[in-house]
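Going down the list, the sequences are from chains B and D.
Once you know that position 19 of the first sequence is 19 in the working numbering, the rest is easy, because the numbers rise by one and skip nothing.
Once you know that position 353 of the second sequence is 353 in the working numbering, the rest is easy, because the numbers rise by one and skip nothing.
Notes follow the structure.
Protein chains: 2
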Amino acid sequence: MASDETLVSADLLRRQLAAIFGAWGMAEDHIQTTLDIMLWADLAGIDSHGAGMMQLYHRLREQEKLTFRPEIRVVRENPATALVDGGGGLGHVPSVRAMDLACDKAATIGVGVAAVRNSHHYGAAGAYAERASDRGLIGIAMTAVARPSVVPLYGADAMFGTNPIAFAAPAKRNPPFLLDMATSTAALGKITIASRVGKPIPDGWAVDPDGRSITDPDAALSHRRLTPLGSTRAMGGHKGYGLAMMVEVLCTTLSGAQFGALRERRDPDAARHDVGHFFLAIDPDAFREEGAFEADLDEMIDALRATRAADPAEPVQVAGDPEVRARAERQRNGIPLSARLAQELRDIATAAGAPILIGS
Amino acid sequence: MASDETLVSADLLRRQLAAIFGAWGMAEDHIQTTLDIMLWADLAGIDSHGAGMMQLYHRLREQEKLTFRPEIRVVRENPATALVDGGGGLGHVPSVRAMDLACDKAATIGVGVAAVRNSHHYGAAGAYAERASDRGLIGIAMTAVARPSVVPLYGADAMFGTNPIAFAAPAKRNPPFLLDMATSTAALGKITIASRVGKPIPDGWAVDPDGRSITDPDAALSHRRLTPLGSTRAMGGHKGYGLAMMVEVLCTTLSGAQFGALRERRDPDAARHDVGHFFLAIDPDAFREEGAFEADLDEMIDALRATRAADPAEPVQVAGDPEVRARAERQRNGIPLSARLAQELRDIATAAGAPILIGS
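The structure is reproduced here in structure tokens:
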């Protein structure tokens, strides 16, 4: 634990955030659903997507780009698909609704797809994918992002968000295989960390407005131009760019939400951001005998963990392992909040007229 | 065109390959379906996945790992899902059957998923995804690979194939958005090209049996240990590894096909390879008003092409652009065959007792 951090229990952090959302006028059931997803990230060690987002939510509320009393509606539905309108609020509640609809449909007919439009930031994509694997289903969750920060290969301007892909599949002996990845080379959060400790970022993570690679983290944060996964043509940057576009198409073009780069260009002060998400669930039992999928996945996970390592001190892991470790540790010891984040939360609570529950 | 290349028309190449498949005992309808997919690759400039595969098919036939008279069956089916058994033959025919089933289901109920087991090499993934976009649907195609060639991050042994992902979405004014990518940093074919011209490969494409990066293309081909997309931890190699595993799970664990790395370990001389594939189709009309998806995708494609470029001589492209250019050029001028490939095809025809149609 860094010296400027304090540990708070998940329960205390949850009550502090609930008090703020309540003061913002959010309905009690929406608060609890939103916090299920946010605390999932804080417990899993994905600090950038839980309580660390409150500052953005606070700012979006002040700019009147978010309502905290959204009307969430299923606007189209058939036995295998659904389209959900988020009502212009945060993405957590409509996304839980959408993923649960996709899972219900998959449990009935083998597969379910749900798209969400008119939404906003939804936290960590992995939380939704894992809702599916918790029910014995394969889950996929993707989201577009309000503000572009990733350049296409050869481009000098950002056209996509970090457009994450999450994929979860249930095993039996092992925790689920849980992939949760931005389609950029690095996440913005990693550059923020480099900036805080005053270290250069690796060549190839970010470019300046001329499209040239830069290693100064502060310049990278102000230019907001990350490379797509792969970074350069030789190292596969066209693939990360293609994946970012695939996510954008499934989240915005399919749902009817806005393509952020075009909105920013046409109307940077647009009243709404209209972010889109995509959810897919597949029931392995529609393809395999009951239990066969989980048994085979356990075998695959075991074989991967047993792969001969290039460096014995650095064993091969499976996606989801770091989150499982973080959750066990944080449930036991608490969630570390930096002094700065703790102060931010207290300031936001004060501005909202909510009680301050996290000590200084 | 390189000096050792000859140009053959798609029609002549098709007739040569048909003569070989016929001599191998393949049924006429299987021949035509297989060649639809193979010629798609040769015309699109994906030389590694069309006629260039005949040498492998020939060898697998000699090793009795492939039947050319497979019984292809739909073994499970519901209104949104299907499981197809490839009968131990090449993957093209069961995969066309599976993708067409997924598309039929999507056109009826909004989404369709089809998995294939007991199959083998299926050519270029993009050909299947484009079958969906040709019908106005979003298409996804993935495949596992018989022999592992990609190491997990931190691993020194190959555990996955190049496990490609193809994604296609229909536009109106523009050709479809068509992503077709291996989840490794580079494809094996690129290393073969470097070997042929005697040039080192970029640092980070391949490793030796100790897991150390190597740049000698011949060593890379003999060690057969490619890195996952991203290559190193700092540049996102855990993401490419995660994507490769996602593809493996959807193609083998879901269908009940074999996880190649385990089969190779347990029984390197296994009578069958039992390769699996995965296909998904989504109907945009289940979510949007008719034509709205295509119009919005056209806007996105146009905006991406208009992105300010880092280097004006290297404009931003959209996935699928190179294939569209190659197809136009090759339909006009013919498909370039290297002297070596042309000789290989003549030798295979001779061995099969088929007529030689391609001149020397």
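Using N, Cα and C, we set each Cβ at its ideal position, and we do this for glycine too.
Since the model is a prediction, treat every value here as computed from it, not as a measurement.
Ranked by how close their Cα comes to the Cα of K65 (chain D), the residues D:G240, D:S119, D:D302 have D:S119 in first place. For D11 (chain B), the enclosing alpha helix (DSSP H) has its first and last residue at 10 to 23. Interface flag for V113 (chain B) against chain D is set, since a Cβ pair is found closer than 7 angstroms. Here H58 (chain B) carries a helix assignment [DSSP, helix/strand/coil].
Residue pairing for D85 (chain D): DSSP places it in a beta bridge opposite D:R73, D:R117. For the set B:V197, B:K199, B:I191, the Cα lying nearest the Cα of A206 (chain B) is the one of B:I191.
Within the same chain, C103, A106, A281, D283 come within 6 angstroms of L137 (chain B) by CB-CB distance, once the 5 residues on both sides are set aside. Under DSSP, S195 (chain B) takes part in no beta bridge, so it has no partner. Note that the segment 292 to 309 of chain B touches the segment 142 to 156 of chain D; at least 3 beta-carbon pairs, one per stretch, sit closer than 8 angstroms.
Contact residues of the segment 167 to 185 of chain D toward chain B are F167, A169, F177, L179, M181, T185 (C-beta to C-beta distance below 7 angstroms). In terms of CA proximity to I301 (chain D), D:F177 leads the group D:F177, D:A80, D:I140, D:S95. Taking 7 angstroms as the cut-off, the Cβ atoms of G204 (chain B) and S231 (chain B) count as close.
Following the DSSP letters along the chain, one finds M142 (chain D) inside the beta strand (DSSP E) bounded by residues 138 to 143. Proximity of chain D to F293 (chain B) at the Cβ level (cut-off 8 angstroms) is accounted for by T253, L254, in chain order. Sequence-distant Cβ neighbours of H121 (chain B) in its own chain, meaning closer than 6 angstroms and more than five residues away, are G91. A18 (chain B) and D298 (chain B) have their C-alpha atoms some 38 angstroms from each other. Apart from the 5 residues on each side of it in sequence, V8 (chain D) sits with its Cβ closer than 7 angstroms to the Cβ of G334, I335, L337, I358 in its chain, given in chain order. What S231 (chain B) touches in chain D, judged by beta-carbon distance under 7 angstroms, is M235, going in chain order. When rounded, the separation of the alpha-carbon atoms in G139 (chain B) and E71 (chain B) is 26 angstroms.
In terms of beta-carbon proximity, A156 (chain D) lines the interface with chain B, with at least one pair separated by less than 7 angstroms. When DSSP states are grouped into helix, strand and coil, M246 (chain D) belongs to the helix group.
For S133 (chain B), the enclosing alpha helix (DSSP H) stretches over residues 125 to 134. Proximity of the segment 165 to 172 of chain B to the segment 288 to 295 of chain B meets the contact definition, three or more beta-carbon pairs being nearer than 8 angstroms. As the crow flies, the alpha-carbon of T253 (chain B) is around 21 angstroms from that of Y128 (chain D). Per DSSP, the continuous beta strand (DSSP E) segment holding S338 (chain D) begins and ends at 335 to 338. In the three-state scheme derived from DSSP, where H, G and I count as helix and E and B as strand, G189 (chain D) is classed as helix.
Taking 7 angstroms as the threshold, the shortest C-beta distance from F68 (chain D) to chain B does not fall below it. Within the model, the alpha-carbon separation for L179 (chain B) versus A319 (chain B) is close to 5 angstroms.
Membership of M300 (chain D) in any beta strand (DSSP E) is not indicated; the residue belongs instead to the alpha helix (DSSP H) covering 292 to 305. The beta carbon of A82 (chain D) sits closer than 6 angstroms to those of V74, L101, A114, all from its chain and outside the five residues before and after it, given in chain order. Note on geometry: alpha-carbon atoms of D42 (chain D) and A124 (chain D) lie some 10 angstroms from one another.
Spatial neighbours of R263 (chain D) in its own chain (CB-CB distance under 7 angstroms, excluding positions within 5 residues in sequence) are listed in chain order as A270. In this structure, the straight-line span from the alpha carbon of P148 (chain B) to that of M38 (chain D) is close to 38 angstroms. A check of alpha carbon separations from A352 (chain B) across B:R330, B:R225, B:R61, B:L13 identifies B:R61 as the nearest. Within a 10 Å sphere around the beta-carbon of V197 (chain B) sit fewer than 16 other beta-carbons, which makes this residue exposed. In the three-state reduction of the DSSP assignment, A146 (chain B) falls in the coil class.
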